[in-house]
Ligand SMILES: Nc1ncnc2c1ncn2[C@@H]1O[C@H](COP(=O)(O)OP(=O)(O)OP(=O)(O)O)[C@@H](O)[C@H]1O
Ligand SMILES: [Mg+2]
């Protein structure tokens, strides 16, 4: 039996066998449909050209033989298209590795495809907090970072996009300051054009800010209301007569409006954990830079990140996203700290070197435009910014109460690597 993962390598192999006959047919599209079955899309002009038709027959027969259930029957395996440029618009597509002139259109049942890398947001930098595994202290670190950046005089906008498992805002806001609405309400109201009226009522300022300001946009408002019903609609595209706007485009629109209204210096985004449709918006679709990748040294973490990095390579976007990434070592244990950090760093380097860094031939120095780092390079994306496990933060009943009278030194000791790292990035971004 042939399974899903054999599709693209097999199609590449078949197309490579055609040699120069293939060149004539390009641009050519391989369409992998929702069920994971492939067919070809080619220019209408080849329908009546006998050489081209013979080539297409050869390809579709070979696809049928070698991909079995994952190919359309040969007589239905070619679609002729008047305008080859048009069919790629709005579709998830990427170049087929190793074959010039061939694009793959990949139809997914979900909208988040992890490969539509938005341009880096400007002028207000956005920073995403992401992890493969949940419960690694991501939201706690975000709240502490917001606290520290505000102490240093910055205006920080914090957005809880972990809509299925919200919690961030309660660490920054006491219950009585929670705004009436949250992101989920806006996403639902926007579908019926009510969004603008919510904008003033979905942001609250945190009493924890010192010299700066912390604006908090929670996932839900003072009253969650029919949260499950709202959540089930939040991810909808908005379809009007003129266009279809995906929900991540809607989120972009929301962030722009919030940035315009509250004029923050920086936006911190709490992403959902895991390779999840919703998380893909925070990591790839909102122009976040840097994207903080929280990691604990364990099989599940590295396998998860490897899957993601490979997907970026397969879809040809690794170069666009890789220099936005920064690993964060989460929950560094109190005991055997040194050994743990060394192992974490090694695992991280293995992953980045194998999946994202450019190869440098052994014994040769890296060339100017080569994107590669040594394992010990502290400025490298794989080099973990460490956050230590600390009993004072374990199983907290109220992070808000904890942050209310926290010793600033304690924040710096525990979360200093992120705070300093981000402040350097922000200062760099503001330089002319
Ligand atoms: N540095 C730390 N040391 C010890 N415990 C911590 C630390 N950071 C967070 N915790 C505790 O770990 C638990 C999970 O933290 P948190 O909610 O921040 O994780 P998360 O990654 O955001 O989780 P989720 O994926 O569920 O959103 C909480 O009980 C929190 O108090
Ligand atoms: Mg969280």
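Numbering (our numbering), first residue to last: 3 to 434. Every residue, glycine too, gets a C-beta built ideally from N, C-alpha and C.
Around the C-beta of residue 36, fewer than 16 other C-beta atoms lie within 10 Å, and the residue is accordingly described as exposed. Shortest gap from the CB of residue 138 to any heavy atom of ligand 1: under 6 Å. Residue pairing by DSSP places residue 328 opposite 294 in a beta bridge. If you draw a 10 Å sphere on the C-beta of residue 369, you find fewer than 16 other C-beta atoms in it, and that means exposed. Shortest gap from the CB of residue 167 to any heavy atom of ligand 1: under 6 Å. Nearest Cα to residue 119 within the set 364, 426, 231 and 320: 320. Sequence-distant partners of residue 372 (beyond 5 residues in either direction) whose C-beta falls short of 8 Å from its own C-beta, in its chain, are 360 and 362. It is roughly 28 Å from the alpha-carbon of residue 398 to the alpha-carbon of residue 307. Going by C-alpha positions, residue 242 is about 15 Å away from residue 190. Secondary structure at residue 153: helix, using DSSP grouped into helix, strand and coil. The closest CA to that of residue 289, considering only 80, 323 and 419, is found on 323. Looking at the DSSP output, residue 334 bridges to 390. If the five residues before and after residue 57 are omitted, its C-beta is found closer than 8 Å to the C-beta atoms of 20, 23, 24, 26 and 27, all from its own chain and listed in chain order. When the beta-carbon positions are compared, residue 402 and residue 176 come within less than 7 Å of each other. Residue 385: not part of any alpha helix (DSSP H); DSSP gives it neither H nor E.
The region 257 to 270 makes contact with the region 149 to 168; the number of CB pairs closer than 8 Å reaches 3 or more.
In terms of Cβ geometry, residue 101 and residue 171 do not form a close pair [threshold 7 Å]. By the Cβ criterion, the region 73 to 87 is not in contact with the region 217 to 234, since fewer than three pairs of Cβ atoms, one from each stretch, lie closer than 8 Å. Comparing alpha-carbon positions, the option among 16, 29 and 34 lying closest to residue 6 turns out to be 34.
By the neighbour-count criterion, in which 16 or more other beta carbons inside 10 Å mark a residue as buried, residue 246 falls on the exposed side. Residue 418 sits away from residue 97, with the two beta carbons spaced by 7 Å or more.
Of the other Cβ atoms in all chains shown, 16 or more fall within 10 Å of the Cβ of residue 140; this residue is therefore buried.
With a cut-off of 8 Å on Cβ pairs, the region 387 to 398 is in contact with the region 127 to 145, counting three or more such pairs. Listed in chain order, the non-local C-beta contacts of residue 111 below 7 Å within the same chain comprise 36, local neighbours out to five positions each way being set aside. The beta carbon of residue 315 sits closer than 7 Å to those of 357, all from its chain and outside the five residues before and after it, given in chain order. Residue pairing for residue 97: DSSP places it in a beta bridge opposite 105.
Nearest to residue 45 by C-alpha distance, out of 115, 81, 64 and 364, is 81.
When the alpha-carbon of residue 348 is set against those of 188, 300, 416 and 204, the nearest one is in 300. Closest by C-alpha distance to residue 331, out of 346, 341, 108 and 48, is 346. In the DSSP annotation of this structure, the continuous segment of the alpha helix (DSSP H) that includes residue 170 starts and ends at 170 to 174.
Following the DSSP letters along the chain, one finds residue 193 in no alpha helix (DSSP H), marked with neither H nor E. The criterion of a C-beta distance shorter than 7 Å is satisfied by residue 252 and residue 192.
At least 7 Å separates the beta-carbon of residue 413 from that of residue 121.
Judged by the Cβ position, residue 141 qualifies as a neighbour of ligand 2 at the 6 Å threshold, a heavy atom of the ligand being closer than this. The region 52 to 68 makes no contact with the region 273 to 291: fewer than 3 CB pairs, one atom from each, lie closer than 8 Å.
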